[in-house]
Amino acid sequence: MLKRIENEKPAQFDVLPKIINGGIAGIIGVTCVYPLDMVKTRLQSQQIGPNGERMYTSIADCFRKTIASEGFFGMYRGSAVNILLITPEKAIKLTANDYFRYQLATAEGDLSLPRAALAGGLAGLFQIVVTTPMELLKIQMQDAGRVATAARAAGREVKQMTAMGLTKQLLRERGVLGLYKGVGATGVRDITFSVVYFPLMATINNKGPRKSDGSGEAVFYWSLLAGLLAGMTAAFLVTPLDVIKTRLQADGEKEFDGIVDCVRKTLKREGVPAFFKGGLCRMMVVAPLFGIAQMFYFLGVGEKILGIEQRKSV
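The numbers in UniProt numbering rise by one with no breaks, and the one at position 189 of the sequence shown is 189.
Have a look at this one:
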């Protein structure tokens, strides 16, 4: 049984401050880790050549080659879209998890592990409305540099892509639904991640020292640690799902007809290790992203802005 530190849950759930906290947490978190996320995407989406050649051989090699060909700010390609959309995404994810935990908890504030997992899964389900188009635009923007470099090496020139240009192109060619390419894979990844992450984070977070302000929340560094450890664990477990999602959404040399076809062709061409491409980098991205996001989420900035007393979450 996962229990709150206090003996009963609050009489009401304040949604607005949670949304503000989630948005602030997302913006700060993604700004800090975006370059690593760029590297992860390029490592996962690159295809092995007929003679086993590849553009990037490691995380460090990808960093070096990207900065050399695109400059330091090339590491933030597509970040404007991601930072813009991460605000509602994190607001939905973190707030939805807290809301469902609140609704599923007993009057005494107790929450069983299955119910905690259900709350996390529902939060993951809700977020894909924003996550899918955000991820699609982000991945294609991030991968554009790799495609352009490969084209130049082959003597071709590729027009530089902008986030607005890409959005207009996708809407023109595929309509609104075109922004939801890979929604199935995104949903499977995000729901699975949330089922693992949120109960584990809450368990670790509840074990630490509390703030002295009477809110019942963990001190900031413990929330950071809880997010880091839970994010690292969940990220590793769902890496194969993230590879599938990335390949379905990236404009690569190979076409995949859905999740099953992607799994089958990837296994045939590259074997099981392909499903863990960028796994270390993904852990390096997700762990600090969620650690930083959870820390700022629990700081209670939203409550301070609105003049509301911060209450301990379930």
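Glycine included, each C-beta is placed from N, C-alpha and C at the ideal position.
With 16 or more other Cβ atoms from the protein chains shown falling within 10 Å of its own Cβ, F298 counts as buried. Here the alpha carbons of S212 and Y102 stand approximately 23 Å from one another.
Under the three-state reduction of DSSP, D257 is assigned to coil, being neither helix nor strand.
C-alpha of F256 to C-alpha of N82: approximately 25 Å in a straight line.
A Cβ-Cβ contact shorter than 8 Å links M55 with Q46. According to the DSSP assignment, Q249 belongs to the alpha helix (DSSP H) that extends over T239 to Q249.
Three or more Cβ pairs closer than 8 Å define a contact, and the region 178-191 falls short of that threshold against the region 100-117. Ranked by how close their Cα comes to the Cα of K277, the residues V33, T41, Q12 and P17 have T41 in first place.
In the structure shown, R156 adopts coil according to DSSP, grouped into three states. D98: member of the alpha helix (DSSP H) spanning S79 to L104, first to last residue. Look at R282 here: in three-state DSSP terms it is helix.
Residue pairing from DSSP leaves D14 without any beta-bridge partner. By the criterion of a C-beta distance shorter than 7 Å, L170 is surrounded in its chain by G178 and L179, once the five residues flanking it on both sides are discounted.
Bounds of the alpha helix (DSSP H) holding N205 are V183 to N205. Distance between I191 and L125, taken at the CA atoms: about 6 Å. Here DSSP, grouped into helix, strand and coil, assigns L179 to helix. For V301, the enclosing alpha helix (DSSP H) starts and ends at V301 to L306. Below 8 Å, too few C-beta pairs join the region 26-35 and the region 258-278 to call them touching: fewer than three. Judged by DSSP secondary structure, S112 falls outside any alpha helix (DSSP H); it is assigned neither H nor E. In its chain, beyond the 5 residues on either side, M283, V286 and A287 have a beta carbon closer than 8 Å to the beta carbon of M232.
A80 and M134 have their C-alpha atoms some 10 Å from each other.
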